[in-house]
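Some notes on the structure that comes next.
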Amino acid sequence: MKINFVNIRKVGRYAAFLAFLLVQWHHLLAQGDWKFRLEKNGIKVYTRHQPGSDFLWLKSTFETNVTLSQYAAIVLNVDSYKNWNFANTTRQ
69 MKINFVNIRK VGRYAAFLAF LLVQWHHLLA QGDWKFRLEK NGIKVYTRHQ PGSDFLWLKS
129 TFETNVTLSQ YAAIVLNVDS YKNWNFANTT RQ
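Going by this note's numbering, the residue at position 70 of the sequence shown is 138; the numbering climbs one at a time, nothing skipped.
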């Protein structure tokens, strides 16, 4: 019996990705205690206190009319993060 290690790696990657999604999905479902604070220009801002943290957590939501391809092009363009991601710094 010949074992194809390339396929095993793919299966391992898929399994790891699925496990990551399951963990994130559980985390998203547990976010019921956000308090709405304000809405401006279609952007809604929510806050909450996380037990064990001294920080006030922030979350914002908005809707936009873009295709999935347009969204992916922005998110996957890592070099452009410094232009739009809040408080992002570049390493010298």
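All C-beta atoms in this analysis are idealised placements derived from N, C-alpha and C, irrespective of residue type, glycine included.
Residue i - DSSP class collapsed to helix/strand/coil
i, result
"ASN72", "At ASN72, the pLDDT of 49 sits below 50, so the modelled position is not reliable; the number obtained from the coordinates is stated separately. Reduced to three states, the DSSP call for ASN72 is coil."
"SER128", "strand"
"LEU106", "strand"
"VAL134", "coil"
Closest residue to residue i among the options (Cα-Cα distance)
i, options, result
"VAL113", "ASP122, PRO119, SER148 and LYS103", "LYS103"
"LYS108", "ALA83, GLY120 and THR129", "THR129"
Beta-carbon proximity list for residue i, same chain, < 8 Å, skipping 5 on both sides
i, result
"ILE111", "SER128, THR129 and PHE130"
Cβ neighbours of residue i in the same chain (closer than 7 Å, five flanking residues each side left out)
i, result
"ARG116", "ASP101, TRP102, LYS103 and TRP125"
"GLN118", "TRP125"
For residue i, the residue or residues it bridges with in DSSP
i, result
"LYS112", "GLU107 and THR129"
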